[in-house]
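Residue numbers (UniProt numbering): 1 to 861.
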Amino acid sequence: MKEPLDNLKISGIFGSSSKSRTCFSASKDLVAYAASGGVVVAQVDTDKQQIVKQRFFCASSRLLRQESHSLTTVSKDSYGLIKPDHSIVIKGDTWNDSDDPSEKALTIGSDLSPARCSPSKIKDRIKDISCLNLSGDGKFLIVGETGHQPRILLYSMASDSNDFPVFVIHQHSYGISQLQFHPDDSTIFTSLGLINDGFLHIWKLTANSVRLIASNKNSTIVLGLNWYKDSAIVTYGVRQIKVWKFENPHNAASNKLFLPRTRTAIKGKNIVLGSLIETTFIDSEWLRDDQLLFLTDSHQVVLYQNGSLISLYGLDNSKQYDNILVDWENDKLWYSYDEFIDSFCLTYLLNHQERLKPGSSSSHSRGGSPFKNTMFDQKFVDSDAIVRDKHKILMMKRLADKTVLYCTSKGEISLVNETIKQISNPSLNDISVFKKIDDSLAIVCSKKGDIKLFNGSELEQYELVISELLADEEVTSLDFNVKENYIVVGDSSGKISIYNNKMAEYSNNIHSSAINDTKIYIKDNFKVVITVSRDRTINFIQLNDGGEWNICETLKENKGNIIQLEICDDKLYTISSDRTVSCYRLDIVDSSLNVSKENILSVKSSPLRLQLTATNIVVSRSDKTIQIFDKKTNALPRVLRLCDEQGDGILVNHFYVNADCDQILCSSSLDKTIRCFSFSTGKILNQYYAHADPVVGMITVADKLVTVTGNGCLFSWEMRPEDEVTEIVSKPLELNSGISTNTILSTPTTPIRNEKPFSPIRLQHPTPTSSPLRKESPISASNKRGFIPSNQLKSCKSKPQDILSSLTQLRISLTNEEELDNIEDIKKEVSMIHALLVPHDHVLKSFGDELMQLIESKVSN
1 MKEPLDNLKI
11 SGIFGSSSKS
21 RTCFSASKDL
31 VAYAASGGVV
41 VAQVDTDKQQ
51 IVKQRFFCAS
61 SRLLRQESHS
71 LTTVSKDSYG
81 LIKPDHSIVI
91 KGDTWNDSDD
101 PSEKALTIGS
111 DLSPARCSPS
121 KIKDRIKDIS
131 CLNLSGDGKF
141 LIVGETGHQP
151 RILLYSMASD
161 SNDFPVFVIH
171 QHSYGISQLQ
181 FHPDDSTIFT
191 SLGLINDGFL
201 HIWKLTANSV
211 RLIASNKNST
221 IVLGLNWYKD
231 SAIVTYGVRQ
241 IKVWKFENPH
251 NAASNKLFLP
261 RTRTAIKGKN
271 IVLGSLIETT
281 FIDSEWLRDD
291 QLLFLTDSHQ
301 VVLYQNGSLI
311 SLYGLDNSKQ
321 YDNILVDWEN
331 DKLWYSYDEF
341 IDSFCLTYLL
351 NHQERLKPGS
361 SSSHSRGGSP
371 FKNTMFDQKF
381 VDSDAIVRDK
391 HKILMMKRLA
401 DKTVLYCTSK
411 GEISLVNETI
421 KQISNPSLND
431 ISVFKKIDDS
441 LAIVCSKKGD
451 IKLFNGSELE
461 QYELVISELL
471 ADEEVTSLDF
481 NVKENYIVVG
491 DSSGKISIYN
501 NKMAEYSNNI
511 HSSAINDTKI
521 YIKDNFKVVI
531 TVSRDRTINF
541 IQLNDGGEWN
551 ICETLKENKG
561 NIIQLEICDD
571 KLYTISSDRT
581 VSCYRLDIVD
591 SSLNVSKENI
601 LSVKSSPLRL
611 QLTATNIVVS
621 RSDKTIQIFD
631 KKTNALPRVL
641 RLCDEQGDGI
651 LVNHFYVNAD
661 CDQILCSSSL
671 DKTIRCFSFS
681 TGKILNQYYA
691 HADPVVGMIT
701 VADKLVTVTG
711 NGCLFSWEMR
721 PEDEVTEIVS
731 KPLELNSGIS
741 TNTILSTPTT
751 PIRNEKPFSP
761 IRLQHPTPTS
771 SPLRKESPIS
781 ASNKRGFIPS
791 NQLKSCKSKP
801 QDILSSLTQL
811 RISLTNEEEL
821 DNIEDIKKEV
831 SMIHALLVPH
841 DHVLKSFGDE
851 LMQLIESKVS
861 N
């Protein structure tokens, strides 16, 4: 790859790290799922039954934060959400300012919030994604994290939006377990913390902010939640169903612009379970009106209506059910069990209710069930999959009239129409080997021997039956020769297996410990397999004229674990934990291999990784440095110390050197960031965020950089065109404004003026009459006649005549005043008024010009 590495973008993502239903979501033609450190949003073409577009959203652990209290000019995207230069951070009561004393942002105060978090050294690590949700209209995406200071990340799905979150919300401790948008209003969503956090919050999204409108504490084990009616949420889980009601701001106010500023408590009520008191509710679906269906672990479908469980339906006791899906358009109740997907006739089910007596179980046998749908009898996972918890359906969603999408724990995404078709191309779990074969091909292998080939754009399964591995054994090394169709596999027990045309030719335990690396060396008709092991030996296995493989030579010169080997120009290079780089010359003499040592290079600390360039030998070391040797002269090596933006050294486990562009790309084992440095100076050029797990491979394939993590997520990177980043003109808004032009946002500036640390006293939530975030304006504090502060203007009605009356009073006040000492404050107040007047542009046309001319004349005088 000769292109520079300092301006890369993700061109494709393969695999998924979603292990629960909360990490999948679908809306319209979009499906979202977690992939390592971010979220992939894929657009599905149901007619062609394929994914036509991917988009990746990721938030770094060290976000560049937009100051939400500054006077800033921002544009808006086509969905009406602002497009700041950096994410806007909204800090709730779980935030401790000692973690970031320089940051000042909107603070949400409440006595309902849990204790504050203390500073931690792990705060800079990429956090695991615990849940995500797409809004019903497909406009917004929310993502929840788990770990130290978990965040709620809100993204815009607009085509002209940024790939980083618009808002970053700190309000939960420990982690977020559930996120759900309101089904009919994408500006309202709910979040639920983990059991040790336990808070249920309701949020309101506007064009330029996110506000907490209701909260309460939850103390039960919740497995899921569902919106119920317009202003209620149902949580369900272990031996409980609870209905939470709150005051919907759209019902309480006639205009969306002026919502009450006070926060209310969500009112919760437990549902009497009766005979189901020992039941765990594992899934829920809205049926119609005020009816909900629940799936239980006792193989029953329960109908909830008007505060009680009124009907029970028995299912087959021999199956383990995971999901249900109501499909009125096709008159089906879809359900998943074990490794299957099937459906009931919904009308038949509702018209032939079978009330179960307390304590009774299912009386239906699936073999004689009148609901049997033979179209979906086929299995959609491997027939030999016997570990059920690793192969189950996590989520089902109806996408089109006759199309159902489902996602599995293996990362597979499939569509069910007249047939079942897999539309995703998942990678492998527990990846142990990721190696470049040639310029256009790489090989991926899992610990248990599943192999796939990657050509830069597609992953293809490579069918190879590897010798059975014991429970405590795994594949540790692999090499593949495409031309001769040889593949060599080494495992943790020291056994090497050689296959030709997928048939085993040789298998033997040639090492006493794990094989760390292996290479196939072919010169003319001479074939040798070279292996290095933890047992400090190098073995050479030669193919004789008779077609048999035999060990022709063994080297025992190293005093430590031999970590890696590379071959270049008939020379063998190895690195060992005895702090050496060894170079051997390979010669073919009289049809036999002759191995001679050329030199040994000393490394100051234990080497971790080796790469050969045209002129250099590059070795990363355990002391957070990189040592560079000249291939020809072996002169005094150059040492390169790579540092992050804080000046701390980086422990480089994997790297790629682009000598043509004088650049080196490295992966950090701490925050999983991929950074690009100058190879000559060590200066950081750029950094990329994508992975939440350690990178196990970094190579180039088909002019693309490819990185992969152990959890099976493979990322393909390519050069970003210089003219790709362009500013797109915004379209009409649908949130708070009918105008989509650049808007001046004026928000309280008190935290900027006050440089003292925040008081440990908990701040109260701002109200229309008293706000802890804003000092009284010097103008409103004086005895100026007729002036109405902007914070009071916010809470008044939004009628144009009321605003016009307030502006008239302001004009009289300015006209009668001889001296104006606070002209800047007046400008800010006018900016606030201007923000309120955006929907009422006809008022500005008739009055705004005169007002601004008046202020300008006062300033000039």
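Even for Gly, the Cβ is constructed at its ideal location relative to N, Cα and C.
Do residue i and residue j have their C-beta atoms closer together than 8 angstroms?
| i | j | result |
| --- | --- | --- |
| D517 | L565 | yes |
| L333 | S343 | yes |
| R534 | K559 | no |
| R21 | L394 | yes |
| C552 | S592 | yes |
| I510 | I487 | no |
| K436 | A442 | yes |
| G494 | S513 | yes |
| S36 | A59 | no |
| residue 864 | H654 | Since the first and last residues shown for the chain are 1 and 861, residue 864 lies out of range. |
| L665 | M698 | yes |
| K83 | S161 | yes |
| V326 | L303 | no |
| D283 | I324 | yes |
CB-CB under 6 angstroms to residue i, same chain, minus the five flanking residues each way: which ones, in chain order?
| i | result |
| --- | --- |
| E776 | Unreliable placement is indicated for E776, whose pLDDT of 36 sits below 50; the coordinate value is still reported in the next sentence. No residues qualify anywhere along the chain. |
| I674 | S667, Y688 |
| K372 | Note that K372 scores 37 on pLDDT, short of 50, meaning its location in the model is unreliable; the coordinates nonetheless yield the value given after this. So the list is empty, once near-sequence residues are dropped. |
| K139 | Y79, M157, S186 |
| C661 | P4 |
| F480 | I437, I443, I487 |
| K502 | L464 |
| S16 | Y33, A35, G411 |
| L205 | T187 |
Could you give the first and the last residue of the continuous beta strand (DSSP E) run that contains residue i?
| i | result |
| --- | --- |
| T580 | 580-589 |
| K519 | 515-523 |
| K53 | 50-58 |
| A504 | 503-509 |
| D630 | 626-630 |
| residue 936 | Because the chain is modelled from 1 through 861, residue 936 falls outside the range shown and cannot be assessed. |
| C445 | 441-446 |
| G92 | That residue, G92, is in no beta strand (DSSP E); it is neither H nor E in DSSP. |
| Y688 | 684-688 |
| Q461 | 459-462 |
| I699 | 695-701 |
| K421 | 420-422 |
| N500 | 495-500 |
| P607 | 607-612 |
| L470 | Element bounds for L470: n/a, residue is neither H nor E. |
Over the uninterrupted alpha helix (DSSP H) stretch that includes residue i, give me the two end residues.
| i | result |
| --- | --- |
| L705 | Counting along the chain, L705 falls outside any alpha helix (DSSP H), though it belongs to the beta strand (DSSP E) covering 704-709. |
| T347 | 346-351 |
Excluding the 5 residues flanking residue i on each side, which residues of the same chain have their C-beta closer than 8 angstroms to its C-beta?
| i | result |
| --- | --- |
| N544 | N550 |
| N508 | K495, I496 |
| K683 | F677 |
| P760 | For P760, the pLDDT reaches just 33, beneath the cut-off of 50, and the residue's location in the model is therefore unreliable, although a value from the coordinates is still provided. Nothing meets the Cβ criterion. |
Excluding the 5 residues flanking residue i on each side, which residues of the same chain have their C-beta closer than 7 angstroms to its C-beta?
| i | result |
| --- | --- |
| L428 | V444, S446, D450, K452, G712 |
| A400 | T46 |
| S477 | V433, G490, I515, N516, D517, T518 |
| K19 | S409 |
| S231 | K245, F246, E247, N248, N251 |
Original post:
So, do the stretch 185-197 and the stretch 153-172 have three or more beta carbon pairs nearer to each other than 8 angstroms?
Top reply: Flag = yes, the stretch 185-197 and the stretch 153-172 touch.
Original post:
How about the stretch 213-228 and the stretch 237-248: do they share at least three Cβ pairs that are nearer than 8 angstroms?
Top reply: yes
Subject >> Contained beta strand (DSSP E) runs [length at least 3] in the stretch 3-42, N- to C-terminal order >> reply: List check, beta strand (DSSP E) in window: 8-14, 24-27, 30-35.
Original post:
Which parts of the stretch 116-169 are runs of the beta strand (DSSP E), unbroken and 3 residues or longer, counting only runs that do not cross its ends?
Top reply: 128-134, 140-146, 152-156
Original post:
Can you find at least 3 beta carbon pairs, one from the stretch 470-478 and one from the stretch 24-31, that sit closer than 8 angstroms?
Top reply: no
Original post:
Which parts of the stretch 210-294 are runs of the alpha helix (DSSP H), unbroken and 4 residues or longer, counting only runs that do not cross its ends?
Top reply: 249-252
**OP:** Go through the stretch 626-672 residue by residue and report every complete run of the beta strand (DSSP E) that reaches 3 residues or more, in order.
**Re:** 626-630, 638-640, 652-658, 663-668
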